[in-house]
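What follows is a set of notes on a single structure, which appears directly below.
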Amino acid sequence: MSLNLVPFVSVDHMMRIVTLTGVETFLRDLAAYIEADFRRWESFDKTPRVAAHSDSGVIELMPTSDGETYSFKYVNGHPENTRSGRQTVTAFGVLADVATGYPVLMSEMTILTALRTAATSALTTKVLAPLGADTVAIIGNGAQSEFQALAFHALMGIRKFRLYDIDPSATERLIANLSGKGFSMQACASAQEAVLGAQIITTVTADKRYATILSDNMVAEGVHINAVGGDCPGKTELARDVLLRSEIFVEYPPQTRIEGEIQQLDPDHPVTEFWQVLTGHAPGRVSDQQITIFDSVGFATEDFSALRYLRDRVSATGLCTPLDMLADPDEPRDLYGMILRSAANTPAREMATAAS
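Numbering (this note's numbering), first residue to last: 1365 to 1720.
This is how it looks when you write it as structure tokens:
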């Protein structure tokens, strides 16, 4: 490909790649890439994401690099967007070569973020959940919920789901979208009803506020909780007492202490970084009675993994559009000369129209 062209994966391309790959195969393969990068955690440059908060939401940049490849993601979170027919979360990302600084891939990441978030949830749950867990409560049945259910099935074989959303139509849509999968999906009248009999609880609500989706009396011994929805300052889902009873696992503590459930706790409250469990540097679940929480806020290495996986799928499928994005003059120092040559090749009629 010419130096000026960068492969771009559009929304249409992404949907076709996911369809051709198969959603559950995509999730399993993506989880393997995420796990591989967690296992080499120490090779990454890491920083909390750069966030611009407003009363209506947040816009964030999420960069990281392993020294050879660099990535960043632009992502927003605006819970009220659904009222005007917009997505709560939208995103796009770039993968680049560190040696030259040239982008090697650009992609939509609204769909890809949904997939990587679900793959991360299922990966961490597979490691931390009690043995024999077969039922998941999903509280918050918005745009992320189908991906969560499919990831739990793809990575853990789980087919039983107990569902609750303050909007019953969201639960109805979730059940309809996953019909024919052989899942047992129970719509519940409350979050308290949803957690009954579930060994795994995923909270994935969108409200931008301190909320108590799970109160202390709702959480039984031995469960694993994926706290996915709390992901910015002032936005949480779990009662503080639940955190105090639990062993808490996180991605990157400096970011999670700002944005995650643990923003409610003392700054030195002990947590375990998930990469340490994967590499044997720290224990995961140690008893059947222990409550474990993955305080998921989403970290840049997961997007790096997703873009890395996508680059490989694009190579296999060819589903991308070459974007003329980078100036590539014949003589690298003669950038203005490239403009002059373009002017010489511009028809006089176009020049006259532009001047009028």
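Here a beta-carbon is modelled for each residue, glycine too, at the ideal position from N, C-alpha and C.
Following the DSSP letters along the chain, one finds residue 1441 inside the beta strand (DSSP E) bounded by residues 1433–1441.
Cβ contact annotation for residue 1375 (same chain, cutoff 8 angstroms, sequence separation greater than five): 1472, 1474 and 1475, in chain order. The shortest CA-to-CA distance from residue 1629 to any of 1507, 1482, 1609 and 1423 is the one to 1609. Checking the DSSP bridge columns, you'll see residue 1613 partnered with 1636 and 1658.
Rounded to whole angstroms, the gap between the alpha carbons of residue 1676 and residue 1384 is 14 angstroms.
Leaving aside the five residues that flank residue 1507 on each side, the residues in its chain whose CB is nearer than 8 angstroms to its CB run, in chain order, 1451, 1452, 1453 and 1478.
Here DSSP, grouped into helix, strand and coil, assigns residue 1466 to coil. Out of 1700, 1682, 1596 and 1698, the CA that lies nearest to the CA of residue 1422 is found in 1596. Following the DSSP letters along the chain, one finds residue 1414 inside the beta strand (DSSP E) bounded by residues 1414–1417. Under the three-state reduction of DSSP output, residue 1506 falls in the coil class, being neither helix nor strand. Secondary structure note for residue 1591: it is in no alpha helix (DSSP H), and the uninterrupted beta strand (DSSP E) holding it is 1588–1591. Boundaries around residue 1550 are those of the beta strand (DSSP E), 1548–1551, since no alpha helix (DSSP H) includes it. Of the residues 1504, 1689, 1531 and 1551, the one whose Cα lies closest to the Cα of residue 1566 is 1504. In the three-state reduction of the DSSP assignment, residue 1717 falls in the helix class, which pools H, G and I.
By the criterion of a C-beta distance shorter than 8 angstroms, residue 1569 is surrounded in its chain by 1503, 1504, 1506, 1575, 1577, 1593 and 1601, once the five residues flanking it on both sides are discounted.
The beta-carbon separation of residue 1583 and residue 1564, rounded to 12 angstroms, does not stay under the 8 angstroms limit for a contact. At the C-beta level, residue 1483 and residue 1394 come within 8 angstroms of one another. When rounded, the separation of the alpha-carbon atoms in residue 1615 and residue 1435 is 17 angstroms. Closest in alpha carbon position to residue 1432, among 1548, 1672 and 1556, is 1672. Relative to residue 1389, the option among 1520, 1634, 1430 and 1495 whose CA is nearest is 1520. Around the beta-carbon of residue 1697, fewer than 16 other beta-carbon atoms lie within 10 Å, marking it exposed. The beta carbons of residue 1660 and residue 1401 sit no closer together than 8 angstroms. DSSP lists 1599 as the bridge partner or partners of residue 1596. Short of 7 angstroms from the beta carbon of residue 1538, and not among the five residues preceding or following it, lie these beta carbons of its own chain, in chain order: 1505, 1509, 1510 and 1527. In the three-state reduction of the DSSP assignment, residue 1372 falls in the strand class. Residue 1493 and residue 1515 do not touch by the CB rule: their CB atoms are close to 13 angstroms apart, not below 8 angstroms. Going by DSSP, residue 1675 is part of no beta strand (DSSP E) but of the alpha helix (DSSP H) stretching over 1664–1681.
In the structure shown, the three-state DSSP call for residue 1532 is helix. For residue 1524, the three-state secondary structure derived from DSSP is strand. The beta carbon of residue 1380 is closer than 6 angstroms to those of 1683 in its chain, skipping five residues each way along the sequence.
Contact check for residue 1429 against residue 1408 passes: the beta carbons are separated by less than 8 angstroms. Per DSSP, the continuous alpha helix (DSSP H) segment holding residue 1482 begins and ends at 1474–1492. Within a 10 Å sphere around the beta-carbon of residue 1709 sit fewer than 16 other beta-carbons, which makes this residue exposed. The Cβ neighbour count for residue 1649, taken over all protein chains shown within 10 Å, is at least 16; the residue is labelled buried. In the three-state scheme derived from DSSP, where H, G and I count as helix and E and B as strand, residue 1367 is classed as coil.
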